[in-house]
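The opening position of the sequence shown corresponds to residue 1 in this note's numbering, with each subsequent residue numbered one higher.
For each residue, glycine too, the CB sits at the ideal point set by N, CA and C.
A short write-up of the structure that comes next.
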Amino acid sequence: MEKNTILAIVLSSLVLIGFMFLQTYLNPPVDYPVEEVVRDLENTPFIANEENAQNNLEKMVHLENFAEEVSISEEKILIETNNAKITLSNRGGDIVDFELKNHLDGDKGVQMADSISEINRAFSLSFGSYDSKIIDDLFQVNKINDYTYGFYKKFRLAKADGSFDTFTLIKQYTFHPDDYLFQLDVIIDGLENSNSAFSELNLNGKAYTLRTSPQIGPHYDKKKDRYENRTFMSYTKDKRKKQLLGDNATKEYSKPYTWTGIAGKYFTILVHPQNPETMGPSLYSTKIEKNDYTNAQVFLTRNAISQKNNKDTYYIYVGPRTDKDLKKYNLLSENNWGLSNIRFDDSLQSSGILSWLEIFMKAIMQVFYKIIPNWGVSIILMTILLKLALFPLTKKSSISTLKMQEIQPRMKEIQDKYKDKPDKLNMELAKLYKETGYNPMMGCLPLLIQFPLIIAMFNLFNNYFEFRGA
Numbered sequence: 001m002e003k004n005t006i007l008a009i010v011l012s013s014l015v016l017i018g019f020m021f022l023q024t025y026l027n028p029p030v031d032y033p034v035e036e037v038v039r040d041l042e043n044t045p046f047i048a049n050e051e052n053a054q055n056n057l058e059k060m061v062h063l064e065n066f067a068e069e070v071s072i073s074e075e076k077i078l079i080e081t082n083n084a085k086i087t088l089s090n091r092g093g094d095i096v097d098f099e100l101k102n103h104l105d106g107d108k109g110v111q112m113a114d115s116i117s118e119i120n121r122a123f124s125l126s127f128g129s130y131d132s133k134i135i136d137d138l139f140q141v142n143k144i145n146d147y148t149y150g151f152y153k154k155f156r157l158a159k160a161d162g163s164f165d166t167f168t169l170i171k172q173y174t175f176h177p178d179d180y181l182f183q184l185d186v187i188i189d190g191l192e193n194s195n196s197a198f199s200e201l202n203l204n205g206k207a208y209t210l211r212t213s214p215q216i217g218p219h220y221d222k223k224k225d226r227y228e229n230r231t232f233m234s235y236t237k238d239k240r241k242k243q244l245l246g247d248n249a250t251k252e253y254s255k256p257y258t259w260t261g262i263a264g265k266y267f268t269i270l271v272h273p274q275n276p277e278t279m280g281p282s283l284y285s286t287k288i289e290k291n292d293y294t295n296a297q298v299f300l301t302r303n304a305i306s307q308k309n310n311k312d313t314y315y316i317y318v319g320p321r322t323d324k325d326l327k328k329y330n331l332l333s334e335n336n337w338g339l340s341n342i343r344f345d346d347s348l349q350s351s352g353i354l355s356w357l358e359i360f361m362k363a364i365m366q367v368f369y370k371i372i373p374n375w376g377v378s379i380i381l382m383t384i385l386l387k388l389a390l391f392p393l394t395k396k397s398s399i400s401t402l403k404m405q406e407i408q409p410r411m412k413e414i415q416d417k418y419k420d421k422p423d424k425l426n427m428e429l430a431k432l433y434k435e436t437g438y439n440p441m442m443g444c445l446p447l448l449i450q451f452p453l454i455i456a457m458f459n460l461f462n463n464y465f466e467f468r469g470a
């Protein structure tokens, strides 16, 4: 993409320069219904920090060997939508493969569940905080329809008095055939316990942690792909907060958020909890776990749960980082989930004060592309159109340059005459400019206007999704 971007900029610049020379020659010079399922779940060994591990062991979640449970074998489930092929595993009820069908990385679709391993899978849960190990047990599976699957398993929680709270953990995925967004429900069901009432799921103030995929696609080499990166983002108080991390680093984000996630240059995973107020801090991680390849993963902690029956819903976008795909979640009528004002589109790349100029230039190119479906031609035509729009200003600049050449001898006389009197020199030059109608700024103005155009053009060519692979 970098070579094509540079080529597009060089091409546009050549057109601009060509117009400048032509002008000089002609006129010299210048320049996008959850059904409730059955249930069941298990234990998680913990923790990187030994002191935290000991504290959590006092309130550990244990697997109960219930007599009614049957032997379960590992099972992989393939769900295919018009946009993606998703592989679910009943081990933990996690996603182990998420391939985008319409966007390629070499000869395969872009893999949005990259760097999957035995200890780290996409949308895994761990009990307690983000330093706990993922739930790695086999769940029972309940197929509701072709696009909705539930995974369930029974657990029990050791209480301080030596008794146990029994509950069922359920993970239910709901996909839509035409959407990059899916719904994940995490259900804690304590109503089945007949011996004692389920009191709470509270491990040092946290119930569980949900994590994104360890890494997103496309796979890239930091040393070679200079324009590709991984940016952590959270949306807080109507503002996007970005964070870049070095390798093998972590950073806690403690502010409340509407959504959080990780974005590459062209693809992103964004997670919107239906009830953001129930969430604790999140953690950004670039831990190195597999093949010396850096992760780019977000851990979302859920505060302690005291209800006997609790359902948390997460809306998760996994797909291209494009305006048309992300903007639909702002209006209820435009998406399949009844969402509004989520502001996923605020995760898009922008150039700050020049973003309006990028939007304008993108709109022009899209119009030309509809007429002639070739982006190279669209770039040339847009450049020509912009140059024509600047022509009146360029013409005035050329005339101003000619006048300067005409009055050059008189300017020289004044400069020689008042070289020791700078105040008088400036006064006489100003009088000469007024008399001849010459404006010194007119020679620089076209160049000053073209600088932001070239900068906006570079950002547009570098970040515009439709140019990916062009």
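- Contact between the stretch 245 to 260 and the stretch 226 to 235 is present, with at least three C-beta pairs closer than 8 Å.
- Cβ atoms of I316 and L453 stay farther apart than 8 Å, at about 38 Å.
- When D221, S397, M427 and S347 are compared, the shortest CA-CA separation from L448 is found for S397.
- R343 carries a coil assignment under DSSP once its states are collapsed to helix, strand and coil.
- When C-alpha distances from H103 are compared across G217, E252 and G128, the shortest belongs to G217.
- In the three-state reduction of the DSSP assignment, L326 falls in the helix class, which pools H, G and I.
- Counting C-beta atoms within 10 angstroms of its own C-beta, G92 has 16 or more neighbours from the protein chains shown and is therefore classed as buried.
- A residue is called buried when at least 16 other Cβ atoms come within 10 angstroms of its Cβ; L388 does not meet this threshold and is exposed.
- In its chain, beyond the 5 residues on either side, S351, A456, N459 and L460 have a beta carbon closer than 7 Å to the beta carbon of E358.
- In this structure, the CA atom of H272 is about 22 Å from the CA atom of T87.
- I116 is positioned such that its CB atom lies no closer than 8 Å to that of E200.
- Between F151 and K171, the C-beta spacing is below 8 Å.
- Inter-residue distance for T231 and A122 is about 18 Å (C-alpha atoms, whole angstroms).
- By the neighbour-count definition (other C-beta atoms within 10 Å, threshold 16), F391 is an exposed residue.
- In the DSSP assignment, no residue is bridged to E466.
- Taking G109 as reference, the option from T401, P320, G376 and F451 with the minimal CA-CA separation is P320.
- For D346, the closest C-alpha among the options Y329, W337, Q140 and D221 is that of Y329.
- Counting the other Cβ atoms within 10 Å of the Cβ of K242 gives fewer than 16, which makes it exposed.
- Here M427 is not bridged, per DSSP, to any residue.
- The Cβ-Cβ distance between E252 and L283 falls below 8 Å.
- Here I353 is exposed: its Cβ has fewer than 16 other Cβ atoms, across all protein chains shown, within 10 Å.
- Listed as beta-bridge partners of N142 by DSSP are G150.
- In this structure, the alpha-carbon of Y438 lies about 20 Å from that of D423.
- Under the DSSP assignment, Q366 falls in the alpha helix (DSSP H) whose first and last residues are S355 to I371.
- Between R226 and the set N248, Y369, M427 and G264, the nearest pair of CA atoms involves G264.
- In the three-state reduction of the DSSP assignment, F175 falls in the coil class.
- By a beta-carbon distance limit of 8 Å, F465 contacts T322. Their separation comes to about 5 Å.
- Of the residues assessed, M427 falls on the exposed side of the cut-off, its CB having fewer than 16 other CB atoms within 10 angstroms.
- Taking a 10 Å sphere around the C-beta of P446, we find 16 or more other C-beta atoms and assign the residue as buried.
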